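Just below is one structure, and these are the notes that go with it.
In my numbering, the protein residues as written are 365 to 1577.
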C-alpha cells in the first residue's frame, strides 16, 4: 500500500493521464519550481493533533526519497537544498515492493540483503552516520534493492516539493488532493467484494464532498486519488479501503516499558486508538510463570498484534510507534556484566572517562566508586600467563546509562569494548598492611581515590571487614609497582602508638578485658573519642572484640600530639574504674523500648548514662555508667581522676537502683516468643497494611510485636500473648483473603451524581485511593456511574459508604459571607485554632482567601484556608469572601457563629496606634512581659507591641496597635502616650563619684538613694528606682554612676549626689564619751532621737552597740556642724553630782536585791545607779551555812580591800 501524496494538484475525473495546460506550463519553467510548504491554518479553531507536513494519511511513492519507518515529514525543497548533494540512482520510478521486510516487516516479504545499521524507531535522535545511498538528512532507511523505490506496500510521505511521477505541484484554494496506493495482495479478491470497484467509487463520490478516482501503476498497483476538502478526501479514501481492502495482520515490536502507556489507565488509550484507526490492537498477555524480565533492559520488547485493512493497520502501527517513541526515546540502562574492579579505569582520573563518554551525547553516565569491598572480594592473583577471574558486580552496584536510546546503545558498546581490553591488560597485586593504617592511604584521612589513580595509573581496593588487612592494587603490569609503592608510602607516613587500656584496671571484676570493652563502648557512644581526635589532631582506632577490646591505635603526623592524646586517654580511663559501671543483661527485643522510653528516665532519676547495644552488637548487655546530675548537661566533661571511697559508694548505690529499675521493667513483661506464619506472597502488601493498623491500635504501654518477612514466611517476635493474638488475626486474615480471592471478579455498578464525582475522587485521587484501601475493592468512577470490583460483601459495604457520602453532599449548603479582611486573623485564631474548632464541631469546611497582609499576619489565614480548601483544589475568590460549606444544619450554625463573632469583633474593634521609639519597646514590655500584661489588665485593651526581631522602619519608630472598646482604647493610648512622653524626654548621663561614697549614696536598704530620687522629682517605684540610677557592681572597678530619666530630674539627682560626695569629702569625725546609761537617751524610741539630732545638725551619729561597753560616740559631718552637735550632746548628757560606793562583789546581788533596789531608787528618789562600765558579777549559788556559825558583817564594819570590793555609783536625777 502506498501513501497519499498531498500535491494539491487538480486531478481530472476518470483515468486519463493527459497533461493539462497548467502542467505543461510548469514543465516549461521546471528550472524555477517554487513550492508551497504546508503550515497550520491560524483561523482553524479545531484541534487536529500533530499532523505531518505532507497531510498524507499514509505514504507516497518516490524513488528519490528513502523510506522512513515513522510518520515523519521530509525536508522541503528549500531545506533540502541546504544539505550535501548525494547522487541518486537514475532509474525509472516504480511501484511499491510489498515483499520488502526491511521497511515494513509487518506486511511480510523478503528481507533486504544489504540493510544498513539505522537508528531505532524509538530513538530521540537520528543516527550520526547514514547509508551512502540515502539522501543526507534522511534517517538512513534502505531503498529498494533495484533502486526502484521503497520496498513495501506503504512508502514514506513526500513533501509538496518532491518531484513525483506526475508534473510539479501547485495549490488551488479549496481544492485538496490526496492519494493512496494498494498492492494486489492488499485487495479483497473480486469474488469477495460486494460491488465492483467502479460501483464502490461511484457510491462514495455521491455521498462525499470529495471525488475519488483510480489509476493503475507499475506492478499492478492501484492509485486512488481524492480531490476536495481535506477532511472529505481522507474520509473518502478510508471508505474505499474499508470496502475493498483485505484484512491485514501485522506485529509491531515495542519496548516492554512502553506497554503500560499504550494500554492506558483502564485501557483508555488502546480503546481510543482502535476507535480512531478502525484497527484491532491486541497486547500480549503477561505470563506470571515466566522468568522475570528486567524492565530497565532497553532490548526487552513485546510484540503487539494489529489487525485491520491495510489503511487501518498502517495508521494503528504509526500511532503505536508514536506513543512508544514518546515514552521510550530516553532509557535507563544498567550494565550488569562489567566487573566493579573496572569502574575506576572506565571513569578515568577525575572522571575524565565519564566526561568523554557524555560529550556530544544526550546522555548521563554514572560509574559507582569502587575502592572498598564488603561481600565480594577482588579476584585472587592468577598464575603466570593466566587471565584474572573478574566477576560481575554485586547487586545494585552497576554502571548506569540514562539518556537518548541511541546514545545509550553507543556508549554501552564502547564500555563493553573497553571492558574487554581491560580484561587483557590489568594485573593485580595484594599486600598486607596494618588495618589501622588503611585510612591514611585513600579517603578522608588519606589522598582522594581519583588522585591515587592519576598518580599511579592503578586503582586500590580496601576491605571493609575490620579484621582483614589485605589491600589490593589493580593496574597495568608496567604501572603496578608504582601503585604498590605509593600505597606503602602513604600508609607509613603517620606516627603511631598502641594504648592497652585494660592494663589500668587489671583487677577489675569480670576481667580487665571486659572492663576495657565497657569503657570503649561508653566513650564511643559519648563521642569522647571523636573529641580527643579533634583536640589533638590525631586518629584513634578502636576495635571491639567478642570478649574484650583490641589495644587502641593512635595515629598522628606530629608525634607530640600522639603523646598528649595518650596521656589524656590514661587520665580518662583512670576516672572510670569498674565501680562506676554495671552491666544489665536484657533481651535484644526490649532494646528499642529502652532507647525511647527508659534511657531518659534513668539519666534524670539516677544520674546514670545508659548504653543500649546497637543492632551490630545486640548480644552485649546494657551498660550503665554513673555520671551524676551533671550528666544531662550538654557541656558534661567525663571525669579524669580516681574517685574517692565516698564517691564509689554513691556510684554503686545509684547503679544498683538504676539496674533494679531496668530489670523490673523487663521482668514485668511477658516471655518473648517467636512464631512464623506462611502467607502467600500475593497477600503480603495487604497484610502489611493490616498489621500496621493492628499495631497502631495497641495500648500505648504495650511493646509492639516485631514483624519481618523472608520469602512467604512472616516472622513475629514479641510478648507471648501479643504474638499469639496477632498470629490468630493473621491466620483469619489469610483465610478471609483466600475467600475474597475467589470473588475478586465480582462487579457491582450503581449510579452516582456526576456533580459529586470530583469530591468522591479527591485531589489527585486521594479520596478514591483511601476508599480502595479501606474496603479492599477496585473503584472506577465514570460519567455518573461507579463500578466496584471485588468481594461481594466488601463491595456492598463500599457501595453503602459511597451512597452515604452522596447523600451528605446532596444535603450540602454553601454560604458566602462578606467579611472585611481586617477581621480574618481574629476570626481564624492562632494557627487556625478557632476556625478548626468550628470545622470539627459542625463538620463543615471554612475557607478564607489569601490576604495581602504581611507574611506574619497571614500565616494563620493560610493554614486555615489550606486545611479547609475544597478537595478539588483551593478556590480563590475576592479577599472579603469567606466560604462555609457542609451539611445544611452544620453550615447554618457555623455561619451564625461566625457572624456573631464578627459582630463582637466589630463592637470591640476600635483601634488606635501609637508610634514609639524602638528602644522604648523593652521597657513597655517589661521583664517576661510583666509591664505589658499590667497595662492590658489595667485598661482591658488588646495591645500589640512588635517584637525586637521585627523589622525597624527607617525612622527608628515602631507602631503599637491598640484594639478594644472605645473607652479601653482611649485609656490605653493615654497611658502609652504618657510613657512615650516620659521616654522621649529621657536622657542618660554618667557622673564619676569615688566608689568609697557609693554606700553612703545608697544608704541602708537604698533609703538615701530613694530620698535623693524622690526629692529630685523621680518615682519611688522599685523598678523605676533601679532603672533611674545604676551603680557599678561591687566586684567591678570604676566610679561611673549612670543616671537616666527626665532631664530636669537627672540634673537634680546628679547635683544632690555630688553634694553628698563633696560633703563626705569635707567631713570630720569627732568622738565624745557619753556614759552608756545616756546612750538610750541619744537614740530614743525607734531611733527617733538620733534621727532628729542628725537632721538638726546635718551630721551622722554612730552610737556603739548596747553590750559593747564602749562609751565613745562618733559624730561625722562638716566641722562646724560636728562642733555644734558635740556641744549639744555633751550638754544633753551632762551628769549630775553623784557618789561612788564600793560594795564587795560577793554581796552585790544581795544588796541589789536582784536589781529591785535600782528601780526603787530611780522611781522614788530620782537616783540612777550604774557600774562604771564594769562587768556584773555572776549570780551566787544557793547559800551554805558557815562552818562556825559566825555572825554576818555589819555595814559599819571596816571596808574590805581587794578583789571582793565592788563600786556602786549613785547619781541623783
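Just so it is clear, CB atoms sit at the ideal spot from N, CA and C, and this is done for glycine as well.
Bear in mind that the values here come from a model prediction, so they are computed numbers and not experimental data.
Going by beta carbon distance, what residues of the same chain come within less than 8 Å of residue 791, once the five residues before and after it are set aside?
Non-local beta-carbon contacts of residue 791 in its own chain, meaning distances under 8 Å to residues more than five positions away in sequence, involve 752, 838, 839, 840, 841, 844 in chain order.
Hey, would you say residue 626 sits closer than 8 Å to residue 735, going by beta carbons?
No; because the gap between Cβ atoms is not below 8 Å, this pair is not in contact.
Can you list, in chain order, the stretches of the alpha helix (DSSP H) that have 4 or more residues and sit fully within the stretch 847-877?
None, since the stretch 847-877 contains no complete alpha helix (DSSP H) of that length.
Suppose only complete runs of 3+ residues qualify. What are the beta strand (DSSP E) ranges in the stretch 1023-1109, listed by chain order?
Listed in chain order, they are 1036-1042, 1070-1074, 1077-1083.
Cβ separation of residue 939 and residue 884, assumed to be a contact under 8 Å, to the nearest whole Å
Not really, about 15 Å apart at Cβ, beyond 8 Å.
Round the Cβ separation of residue 836 and residue 742 to the nearest angstrom and send it over; I've been treating them as touching at under 8 Å.
The C-beta distance from residue 836 to residue 742 rounds to 4 Å, short enough to meet the 8 Å contact threshold.
In the structure shown, what three-state DSSP assignment does residue 1411 receive?
It is helical.
Helix, strand or coil at residue 990 [DSSP, three-state]
Strand, per DSSP.
Going straight from the alpha carbon of residue 1057 to that of residue 1096, what length do you get?
Cα to Cα, residue 1057 sits roughly 15 Å from residue 1096.
Outcome for residue 981 when other beta-carbon atoms lying within 10 angstroms are tallied against a minimum of 16:
By the 10 Å Cβ count, residue 981 comes out exposed.
List, from N- to C-terminal side, the beta strand (DSSP E) runs of 3 residues or more that fit wholly inside the stretch 1236-1300.
Counting only runs of 3 or more, we get 1245-1251, 1274-1281.
Which residues in the same chain have their Cβ closer than 7 Å to the Cβ of residue 816, if we skip the five residues on either side of it in sequence?
Correct list, in chain order: 806, 824, 850.
With DSSP run on the structure shown, which of helix, strand or coil describes residue 1464?
Assignment of residue 1464 by DSSP, reduced to helix, strand and coil, places it in the strand class.
In whole angstroms, what separates the C-alpha of residue 315 from that of residue 1213?
Any property of residue 315 remains undetermined from this structure, which presents the chain solely from 365 to 1577.
Selected residue, minimal CA-CA separation from residue 1380, among 1102, 1416, 818:
When 1102, 1416, 818 are compared, the shortest CA-CA separation from residue 1380 is found for 1416.
Please go through the same chain and pick out, in chain order, the residues whose beta-carbon is closer than 7 Å to the beta-carbon of residue 1120, but skip the five residues on each side of it.
Closer than 7 Å at Cβ, skipping near neighbours: 1170, 1173.
Evaluate the contact criterion for the stretch 723-734 versus the stretch 784-802: three or more CB pairs, one atom per stretch, below 8 Å.
No: the two stretches stay apart, fewer than three of their Cβ pairs being nearer than 8 Å.
With distance defined between alpha-carbon atoms, name the residue in 601, 1183, 685, 617 nearest to residue 674.
It is 601.
Pairwise C-alpha distance: residue 952 and residue 978
So the alpha carbons of these two residues sit roughly 9 Å apart.
Rounded separation between residue 594 and residue 583 - CA only
Pairing residue 594 with residue 583, the inter-Cα distance amounts to about 29 Å.
Burial state of residue 1294, where buried means 16 or more other Cβ atoms lie within 10 Å
When all chains shown are included, residue 1294 counts as exposed.
Give the range of the alpha helix (DSSP H) segment to which residue 930 is assigned.
Looking at the DSSP string, the run of the alpha helix (DSSP H) that includes residue 930 is 923-938.
Using the C-alpha atoms, what's the distance from residue 859 back to residue 922?
If I take the Cα positions, the gap works out to 7 Å.
Contact check, residue 549 vs residue 587, beta carbons under 8 Å
Result no, Cβ atoms of residue 549 and residue 587 do not sit closer than 8 Å.
Our contact map puts residue 1039 next to residue 1080 with C-beta atoms below 8 Å; I'd like the distance itself, whole angstroms only.
So it is a contact: roughly 5 Å between Cβ atoms.
Residue from 684, 1337, 1280 whose Cα sits closest to the Cα of residue 1319:
Checking every option, the nearest Cα to that of residue 1319 belongs to 1280.
Local conformation of residue 728 per DSSP, three classes:
Secondary structure of residue 728 (DSSP, three-state): strand.
For residue 1093 and residue 1162, what's the separation of their Cα atoms in angstroms?
C-alpha of residue 1093 to C-alpha of residue 1162: approximately 22 Å in a straight line.
Which residue's Cα is closest to the Cα of residue 1307: 1001, 643, 1276, 1053?
Checking every option, the nearest Cα to that of residue 1307 belongs to 1276.
Quick one: what does DSSP say residue 627 is sitting in, helix, strand or coil?
Annotated three-state conformation of residue 627 is helix, per DSSP.
Could you check which residue in 863, 942, 828, 799 has the C-alpha nearest to that of residue 869?
Looking at the Cα atoms, 942 is the closest of the given residues.
Thinking just about the alpha-carbon of each residue, which of 1025, 770, 1433 is nearest to the one in residue 1482?
When only C-alpha atoms are compared, the closest one is 1433.
Could you work out which residue in 688, 1450, 1444, 1457 is closest to residue 1471 when comparing CA atoms only?
Comparing Cα-Cα distances from residue 1471 to each of 688, 1450, 1444, 1457, the minimum goes to 1444.
Exposed or buried, what is residue 585 when buried is set at 16 or more other beta-carbons lying within 10 Å of its beta-carbon?
Counting Cβ neighbours within 10 Å, residue 585 comes out buried, since at least 16 surround it.
Identify every residue that forms a DSSP beta bridge with residue 646.
DSSP output for residue 646 lists 669 as bridge partner(s).
Assuming residue 620 and residue 574 form a contact by the criterion Cβ under 8 Å, report the distance between their Cβ atoms to the nearest whole angstrom.
About 42 Å separates the Cβ atoms of residue 620 and residue 574, ruling out a contact at the 8 Å cut-off.
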